[in-house]
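**Q** Once you've had a glance at the structure underneath, I'll fire off some questions.
Residue numbers (the working numbering): 695 to 886.
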């Protein structure tokens, strides 16, 4: 966004905030979970594991995709160019382990996707795979990585299958040219 676009949005949000429309602003994972679980807020931007954490408390919490589409984001791992020798070997050892499947199954149980889905599949039950990736109704109760109930058998994942969800991303999070200006304006908004 341009500075003018940022200014327009922040000005509109300031007006909305002054009318009492925002209950709170979270800055940590736990704050987002607690705000939703307590009932203090009924709609907010949440990370997938936060929604999973609310559900493990037996509290209904759903993703409501915008008609425009999802906001997507991802992460990557890379070795810094100055890393060599044993440190570089350790980096590749960790990277190979991370892509081998077990970590991908753990993040799947939080609602995320692995960069290597077929490797993660090796560590998921068929029921988990069908629920998290296939978008199918759960044939068994679905649990989080710690064994807490997320969803009862018979329910489907919000947003559908991996293909449906990934095919409906409208924008990928990225650092824009005016990110420092946006951060400054956001901080002004939060403290206003």
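Think of the CB as a built atom: it goes at the ideal place given N, C-alpha and C, for glycine as much as any other residue.
For residue 695, collect the residues of the same chain with a Cβ closer than 8 Å to its Cβ; drop the 5 residues on either side in sequence, then sort them by chain order.
**A** Counting from 1 along the chain shown, the entry for residue 695 is found at position 1. For residue 695, where only same-chain residues beyond five positions count, the Cβ hits under 8 Å are 703, 870, 872 and 876.
**Q** CB-CB under 7 Å to residue 889, same chain, minus the five flanking residues each way: which ones, in chain order?
**A** With the chain covering only 695 through 886, there is no way to say anything about residue 889.
**Q** Could you check the C-alpha separation between residue 783 and residue 849 for me, to the nearest Å?
**A** In the chain shown, counting from the first residue as 1, residue 783 sits at position 89. In the chain shown, counting from the first residue as 1, residue 849 sits at position 155. Whole-angstrom Cα-Cα distance: 44 Å.
**Q** Residues in its own chain within less than 7 Å of residue 816 by CB, not counting five upstream and five downstream?
**A** If you number the chain shown from 1, residue 816 lands on position 122. Only 795 meet the Cβ criterion.
**Q** In or out: residue 751 buried (at least 16 other Cβ within 10 Å) or exposed?
**A** The count along the chain shown starts at 1 and reaches residue 751 at position 57. Classification for residue 751: exposed.
**Q** Counting only runs of 3+ residues fully inside the region 722-747, write out the beta strand (DSSP E) ranges in chain order.
**A** Listed in chain order, nothing qualifies, since the region 722-747 has no complete beta strand (DSSP E) run of 3 or more residues.
**Q** Tell me residue 765's beta-bridge partners as DSSP assigns them.
**A** As a working mapping, residue 765 is identified with position 71 in the chain shown. Per DSSP, 865.
**Q** Please go through the same chain and pick out, in chain order, the residues whose beta-carbon is closer than 6 Å to the beta-carbon of residue 845, but skip the five residues on each side of it.
**A** Translated into positions along the chain shown, residue 845 becomes position 151. Contacts found: 832 and 836.
**Q** With residue 844 as the anchor, note down where its beta strand (DSSP E) starts and where it stops.
**A** Residue 844 sits at position 150 when you count from the first residue of the chain shown. Its beta strand (DSSP E) spans residues 843-845.
**Q** If we count the other Cβ atoms within 10 Å of its Cβ and call it buried at 16 or more, is residue 825 buried or exposed?
**A** As a working note, residue 825 is residue 131 in the chain shown. Per the 10 Å Cβ criterion, buried.
**Q** Is DSSP giving residue 753 helix, strand or coil here?
**A** Within the chain shown, the letter at position 59 stands for residue 753. It is coil, neither helix nor strand.
**Q** Counting C-beta neighbours from all protein chains within 10 Å, is the total for residue 843 16 or more, i.e. buried, or is it exposed?
**A** As a first step, residue 843 must be located in the chain shown, where it is residue number 149. So residue 843 ends up on the exposed side.
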